[in-house]
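Visitor: So the sequence shown is numbered by the numbering used here: it starts at 43 and just counts up by one.
Questions regarding the structure given below will be posed in turn.
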Amino acid sequence: MKIKVILNPKSSNGNYKSLEAILKAKFAHSLVDIEQTAHPRHATDIARNAVKSEVDTIVAAGGDGTVNEVLNGI
């Protein structure tokens, strides 16, 4: 299973490294690609590209803004 995790590093009060470790452990038996957002609307672009590359699952890791952007990209 191919999984794309779209991670907003500004969420979780900057504790994204621990979140990234948790996600890698949780999805250890899958092909996981964790990509961090770098600017506004970046999550939309990442999600759009993930759909084009036919990933099986897209995970939005961030706040409501990240989820909104990912949904707009799907």
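The C-beta atom is built at its ideal place from N, Cα and C for all residues, glycine as well.
Name the two residues that bound the continuous alpha helix (DSSP H) containing Ile88.
Guide: What you label residue 88 is simply residue 46 of the sequence shown in a count that begins at 1. Residues 84 to 94.
Visitor: Excluding sequence positions up to five away, which residues of its chain have a Cβ less than 7 Å from the Cβ of Asn114?
Guide: As a position in the sequence shown, residue 114 is number 72, starting the count at 1. Hits under 7 Å: Thr86.
Visitor: Alpha carbon to alpha carbon, how far is Asp106 from Ile100?
Guide: Here residue 106 refers to the residue found at position 64 of the sequence shown. Here residue 100 refers to the residue found at position 58 of the sequence shown. Whole-angstrom Cα-Cα distance: 15 Å.
Visitor: Give the secondary structure of Asp75 by DSSP, where H, G and I count as helix, E and B as strand, and everything else as coil.
Guide: The residue labelled residue 75 in the question sits at position 33 within the sequence shown. Strand at Asp75.
Visitor: Taking buried to mean at least 16 other C-beta atoms within 10 Å of its own C-beta, is Leu73 buried or exposed?
Guide: Within the sequence shown, the letter at position 31 stands for residue 73. Leu73 is exposed by the Cβ-count criterion.
Visitor: Compare the beta carbon distance of Asn57 and Gly104 with 8 Å and say whether it is the shorter of the two.
Guide: Taking the first residue of the sequence shown as position 1, residue 57 is located at position 15. Taking the first residue of the sequence shown as position 1, residue 104 is located at position 62. No.
Visitor: Taking the alpha carbon of Phe69 as the reference point, which residue from Ile45, Val112, Ser95, Val109 has its own alpha carbon closest?
Guide: Here residue 69 refers to the residue found at position 27 when the sequence shown is read from its first residue. Distances from the alpha-carbon of Phe69 to those of Ile45, Val112, Ser95, Val109 put Ile45 closest.
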